[in-house]
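A.B. asks: Chains A and B are the protein sequences, given in the same order.
So the first sequence is numbered by this note's numbering: it starts at 120 and just counts up by one.
So the second sequence is numbered by this note's numbering: it starts at 37 and just counts up by one.
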Amino acid sequence: QSVLTQPPSVSAAPGQKVTISCSGSSSNIGNNYVSWYQQLPGTAPKLLIYDNDKRPSGIPDRFSGSKSATSATLGITGLQTGDEADYYCGTWDGSLSAGVFGGGTKLTVL
Amino acid sequence: QVQLVQSGAEVKEPGASVRVSCKASGYTFTSYYIDWVRQAPGQGLEWMGTINSSGGSTTYAQKFQGRVTMTRDMSTSTVYMELSSLRPDDTAVYYCARARPGAWARVRFVFEYWGQGTLVTASS
């Protein structure tokens, strides 16, 4: 059972928009930055969003992040079949003194 | 370019120990912490701990306290993660990842560079 809660799966058609939620508490999301990772099958995770809403260089602006109180959201617009992957949120938990990740969300582009 | 290259797959019997290496290149090794994250088959990411590549100080997730040891060799820019008393549910891909610079762990918990992963299988 993960400290951060994500929906197990989401789906949408090519070209559409999808959002993935990540719910936590005041000890983690509420008081720390959230990052998001994309993991394609058989590969290492790739950083998509850091500090809640910033994109590393090379990440297209189709990917966006936001945070409100103890929840964070990843948004993906203009969906492509290549976006099919697992997506994870992550942050630091001050009460646990440990890093924590969400359970992951599998995105299917129909 | 920044690279983290991990050692190869391991098969160990339950009760044994395994040591996975992560060799860093393309940046100043001592300027960044290295974290370890594992992923059991079909499961999500699980943070194991972090090591200061300069001073060698470590912080481990409570779940792994007493079983995990992270060390570094500054002469070869290599970080090691040793997990002892292996159980079948330790079977997973183990990743090393370079943390962002920062004075506080909560700031450093961002990983732009990852190793390729090492599959550790604990089975008799």
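From the three backbone atoms N, C-alpha and C, an ideal C-beta is built for every residue, glycine too.
Predicted model, so just to flag it, every value in this text is computed and none were measured.
Which of the three DSSP states, helix, strand or coil, is assigned to A158/B?
C.D. replies: A158/B falls in the strand class under three-state DSSP.
A.B. asks: Just the Cα atoms here: how many angstroms apart are Y68/B and Q98/B?
C.D. replies: Taking the straight line from one Cα to the other gives about 22 Å.
A.B. asks: Given that F220/A touches chain B, what residues does it touch there, using C-beta distances under 9 Å?
C.D. replies: Ordered by position in chain B, the residues that pass the 9 Å Cβ test against F220/A are V73, G80, L81, E82, W83.
A.B. asks: Measure the beta-carbon distance from Q135/A to L215/A and round it to whole angstroms, keeping in mind my assumption that it falls under 8 Å.
C.D. replies: Q135/A to L215/A, Cβ: 37 Å. No contact.
A.B. asks: In chain A, which residues lie with their C-beta within 9 Å of the C-beta of S62/B?
C.D. replies: The question names Ser, but residue 62/B in the sequence shown is Gly. Within chain A, no residue comes near G62/B; the closest Cβ sits about 16 Å away, beyond 9 Å.
A.B. asks: Could you tell me whether the Cβ of A217/A comes closer than 8 Å to any Cβ of chain B?
C.D. replies: It does: the Cβ of A217/A has a partner Cβ on chain B nearer than 8 Å.
A.B. asks: Would you say Q152/B lies against chain A (beta-carbon separation less than 8 Å)?
C.D. replies: With 8 Å as the cut-off, Q152/B counts as an interface residue toward chain A.
A.B. asks: Grouping DSSP H, G and I as helix and E and B as strand, with all else coil, what is K186/A?
C.D. replies: Three-state DSSP puts K186/A in a strand.
A.B. asks: Kindly say whether A191/A, judged by its beta-carbon, lies nearer than 8 Å to any beta-carbon of chain B.
C.D. replies: Answer no: the Cβ-Cβ gap between A191/A and chain B never drops below 8 Å.
A.B. asks: For E141/B and chain A, any beta-carbon pair shorter than 8 Å?
C.D. replies: Here the sequence assigns Ala to residue 141/B, which means Glu is not the residue at that position. Answer yes: the Cβ-Cβ gap between A141/B and chain A drops below 8 Å somewhere.
A.B. asks: Give the residues from the stretch 167–178 of chain A that approach chain B closer than 8 Å (Cβ to any Cβ), ordered along the chain.
C.D. replies: Result list: Y169, D170, P175.
A.B. asks: Check each residue of the stretch 116–145 of chain B: if its Cβ is closer than 7 Å to any Cβ of chain A, include it; give the result in chain order.
C.D. replies: Against chain A - using a Cβ distance shorter than 7 Å - the residues of the stretch 116–145 of chain B are Y131, A141, R142, F145.
A.B. asks: Going along the stretch 85–114 of chain B in order, which residues come within less than 8 Å of chain A, judged by CB to CB distance?
C.D. replies: Of all residues in the stretch 85–114 of chain B, T86, T95, A97, Q98 have a Cβ within less than 8 Å of some Cβ in chain A.
A.B. asks: Please identify, using Cβ separations under 9 Å, the residues of the stretch 201–215 of chain A that lie next to chain B, in order along the chain.
C.D. replies: Answer in chain order: D205, Y207, G209, T210, W211, D212, G213, L215.
A.B. asks: Tell me whether the beta-carbon of T189/A lies closer than 8 Å to the beta-carbon of S145/A.
C.D. replies: The answer is yes: Cβ separation under 8 Å.
A.B. asks: F147/B touches chain A at which residues, Cβ-Cβ below 7 Å?
C.D. replies: What F147/B touches in chain A: L166.
A.B. asks: Please identify the residue among Y207/A, I195/A, W211/A whose C-alpha is closest to the C-alpha of P127/A.
C.D. replies: Considering only alpha carbons, the answer is Y207/A.
A.B. asks: Quick test of your reading: T124/A and G194/A, contact by CB under 8 Å. State the CB separation rounded to the nearest angstrom.
C.D. replies: Going by Cβ atoms, the distance from T124/A to G194/A rounds to 18 Å, so no, they are not a contact pair.
A.B. asks: Among the residues of its own chain, which have a CB less than 7 Å from the CB of V73/B, if the five just before and after it don't count?
C.D. replies: L81, E82, W83, M84, Y131, A133, listed in sequence order.
A.B. asks: Can you give me the C-alpha to C-alpha distance between N88/B and T94/B, rounded to a whole angstrom?
C.D. replies: When rounded, the distance between both Cα atoms is 6 Å.
A.B. asks: Name the chain B residues that come within less than 9 Å of G197/A, Cβ to Cβ?
C.D. replies: Ordered by position in chain B, no residue passes the 9 Å Cβ test against G197/A, which lies about 24 Å from the chain.
A.B. asks: Between V228/A and K186/A, how many whole angstroms is the CB-CB distance? I'm expecting something under 8 Å.
C.D. replies: About 25 Å separates the two Cβ atoms, so there is no contact after all.
A.B. asks: Going by Cα to Cα distance, which pick from L155/B, F100/B, D126/B, V41/B is closest to T86/B?
C.D. replies: For the residues L155/B, F100/B, D126/B, V41/B, the minimum Cα distance to T86/B belongs to F100/B.
A.B. asks: Are the C-beta atoms of G223/A and some chain B residue less than 8 Å apart?
C.D. replies: By this cut-off, G223/A is an interface position.
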